[in-house]
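Heads up: the sequence shown begins at 1 in this note's numbering, then just goes up one per residue.
Where is the CB? At the ideal position from N, CA and C, for every residue including glycine.
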Amino acid sequence: MTLDLAPSSEILQTLGHRVRAQRLAQGMPQRELAQMAGLSLGALRKLEGSGQSSLETLVRAVQALGLVHELEDLFVLKRQSIAQMEKAEAANRRQRAPRRKST
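The following block contains the structure:
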């Protein structure tokens with residue numbers, strides 16, 4: 001499934017279902033994952049069912065499943081050209097976003 005044009009609710013639900021699929025693939029009951037992640041059973045059920053959760057809940061579940069490496073490339077700048085590499089390098093040095101010019 002491509003998430004490019006999906007509404008945020010659908011993206012959240014897809015992520016929740018992926019967490020559930022990973023848990024099931026590891027043969028782990030919800031209660032066990034919730035305990036390992038330091039989450040309430042309700043929070044885990046909500047994450048898996050609708051994807052509605054805090055970012056911390058998602059990260060805790062991913063950690064408990066041993067899948068933190070899956071987050072490594074999340075939001076990493078992808079450099080495809082020399083110009084993009086130079087722009088990314090300049091962005092890494094910059095401490096603040098540029099001010100908008102008033103018109």
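What do you get for residue i, buried or exposed, if any count of 16 or more other CB atoms within 10 angstroms of its CB means buried?
i: Glu72; result: exposed
i: Thr57; result: buried
i: Ala21; result: exposed
i: Leu44; result: buried
i: Ala83; result: exposed
Distance check for residue j and residue i, CA to CA, integer angstroms please.
i: Ser54; j: Ala88; result: 29 Å
i: Leu24; j: Lys78; result: 32 Å
i: Lys101; j: Ala91; result: 18 Å
i: Gly38; j: Arg60; result: 7 Å
Taking a contact to mean a Cβ-Cβ separation below 8 Å, would you say residue i touches residue j in this structure?
i: Ser50; j: Gly27; result: no
Whole beta strand (DSSP E) elements within the segment 19-102, 3-residue minimum: Every candidate beta strand (DSSP E) stretch fails here, since none sits fully inside the segment 19-102 while reaching 3 residues.
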